[in-house]
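Worksheet for the structure shown next.
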Amino acid sequence: MLPATVMIVVVALAVFSLVTPIRSASGPAQAGAGSSNSGSGSSSSSGGGGALANQLEDGDTLKKATSSRIVHTKYGAVSGTIEHLDGRHLDPVEAYRGIPYASPPVGNLRFMPPVTGALWSGVKKADRFSPVCPQRLPDIYNETAALERMPRGRLEYLRRLLPYLRNQSEDCLYLNIYVPTQVSKKRKTLSTTMTTTTTADSTRQRRRRTAAAAAVMMMMMRMTWKLTCP
């Protein structure tokens, strides 16, 4: 896989190139997110987060509903989901998961800088997590031995994280994008969840802020190696 420094540079470039005006199928232009394609031309995203992908670690349930909005990017059309957090007094957000930002780094592209993927036709359904990059998972099955190497808080954190790391593949160059849902013009602020983790949105590394609705957009990379190293 690519060195971390190269990946970070690529992410920075991807953010500036992918954040383009989008057109709603049912309304005027909105500020949103786009992506490149994996090169397969498929109308559905790959990977998945398993049954736990809808469950937060502290008991909150992540309720999903298919978004009626079709986002048009320069690479193709994308649909996502509208998600709600129970008991947090937060407005819903639109989630677009597993959007490829480059061609799969396999075959003759292995160990090479990311290559822009081809356009896709139809509507890509971006409602599932993509595979994470190949990595060695920490051995935490023996609790006594694990606690000799790490504090209990980290052990519990890794237990929550591991289910999201089992679906691994070298084809792992994907983005998870979260944007506010459409808000009434009379409403000045939107209380939303600003997630700082680079894995599935189920860790405690979340920061909640109140921000202007039009100013909030979030792009998450799946660089999980950073979180699993001892």
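Just so you know, the sequence shown maps onto residues -24 to -1, 1 to 206 in mature numbering (1 follows the signal peptide of the UniProt record, and there is no 0).
Here a beta-carbon is modelled for each residue, glycine too, at the ideal position from N, C-alpha and C.
Which of helix, strand or coil DSSP assigns to Glu132: DSSP places Glu132 in helix when its eight states are reduced to three.
Classification of Asn118 by the beta-carbon crowding that lies within 10 angstroms, buried from 16 upward: exposed
Leu149 versus Val155 - alpha carbon distance: 20 Å
CA nearest to the CA of Asn143, picked from Gln111, Lys100, Val99, Ser97: Gln111
Given 8 Å, three or more beta-carbon pairs between the region 76 to 92 and the region 128 to 140: Segments in contact, no.
Alpha helix (DSSP H) segment containing Ala122, residue limits: 119 to 123
Any chain C beta carbon closer than 8 Å to Tyr72: In the structure shown, chain C cannot be found, because there is only a single protein chain.
Same chain, Cβ closer than 7 Å to Gly26, five either side skipped, listed in chain order: For Gly26, the predicted structure reports a pLDDT of 36, less than 50, and the residue's modelled location is therefore unreliable. A value from the coordinates is still provided. Excluding positions up to five away in sequence, the list reads Pro139.
Closest by C-alpha distance to Asp115, when choosing among Leu123, Lys40, Val108: Leu123
Outcome for Ser106 when other beta-carbon atoms lying within 10 angstroms are tallied against a minimum of 16: buried
8 Å Cβ cutoff met for Ala78 and Val91: For Ala78 and Val91, yes; Cβs fall inside 8 Å.
Proximity below 8 Å, CB of Val82 to CB of Asp147: yes
Run of the beta strand (DSSP E) containing Glu146, from where it starts to where it stops: Where Glu146 is concerned, there is no enclosing beta strand (DSSP E), given that its DSSP letter is neither H nor E.
First through last residue of the beta strand (DSSP E) which encompasses Ala71: 69 to 76
Ala41 versus Arg104: straight-line alpha-carbon distance, rounded: Approximately 13 Å between the Cα atoms of the pair.
Residues near Arg128 in its chain [Cβ-Cβ closer than 7 Å; skip 5 each side]: none
Rounded straight-line distance, which links the Cα of His60 to that of Ser43: 12 Å
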